[in-house]
Amino acid sequence: MKQLIKFGFVGILNTGITFIVYNVLLKLGMVYFAANAIGYIAGVANSYIWNKNWVFGAKGEKDKALIFKFVIVNLISFAVNSAVLWFCINYITDNKTVAQLPAIVVGMGVNYILNKIWTFKK
0 MKQLIKFGFV
10 GILNTGITFI
20 VYNVLLKLGM
30 VYFAANAIGY
40 IAGVANSYIW
50 NKNWVFGAKG
60 EKDKALIFKF
70 VIVNLISFAV
80 NSAVLWFCIN
90 YITDNKTVAQ
100 LPAIVVGMGV
110 NYILNKIWTF
120 KK
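Counting from 0, one number per residue, gives the positions in the sequence shown under numbering that gives the first Met the number 0.
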């Protein structure tokens, strides 16, 4: 449970980074999909450091293998996030900021499960 709380805390930080970058880029006129990708990358960079060292305590692990797994997990999570975002924008609301909220929640769930069972598995 402690690990899940730590993951949630890091997730909130990453989500904040992603959400802020996404919304700034939208306000600058960028299309939502590109803004989502750039925001997601910003959050992922922060996420790797915190998840590796603090949440999952994988300090002794080989960085190349961890980075590879972490990237794969985040590509999957990004695909899920993007699919939910697309669905919400096209079928639920045209408010791109509101549509990002469920996309973040679903993507975060996928990310936690895959990182726990594969990337940072002890």
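We put the beta carbon where it would ideally sit given N, CA and C, even for glycine. Predicted, not measured: the structure shown is a model, and the values here were computed from it.
Discussion item. For T92, which residues in the same chain have their Cβ closer than 6 Å to its Cβ, ignoring the five residues on either side in sequence?
Written reply: A98
ask   = At what residues does the alpha helix (DSSP H) containing I88 begin and finish?
value = D62 to Y90
(Q) Measuring straight from C-alpha to C-alpha, what distance separates Y21 and G56? (A) 29 Å
- Item | Pairwise C-alpha distance: F86 and G7 | 25 Å
Compare the Cα-Cα distances from I19 to each of K95, Y47 and S76 and report the closest residue.
K95
Could you tell me if I16 is buried or exposed, where buried requires 16 or more neighbouring beta carbons within 10 angstroms of its beta carbon? buried
**Request:** With a 10 Å radius around its C-beta and 16 neighbouring C-beta atoms as the bar for buried, classify M0 as buried or exposed.
**Result:** exposed
Pick out the complete alpha helix (DSSP H) segments inside the stretch 13-65, 4 residues or longer, and give them in chain order. 31-49
Starting from I112, trace the alpha helix (DSSP H) both ways and give me its first and last residue.
-> K95 to L113
| task | Just mark Y39 as buried or exposed, buried being the case when its beta carbon has 16 or more other beta carbons within 10 Å. | result | buried
Can the beta-carbon of L74 be found closer than 8 Å to that of T118?
no
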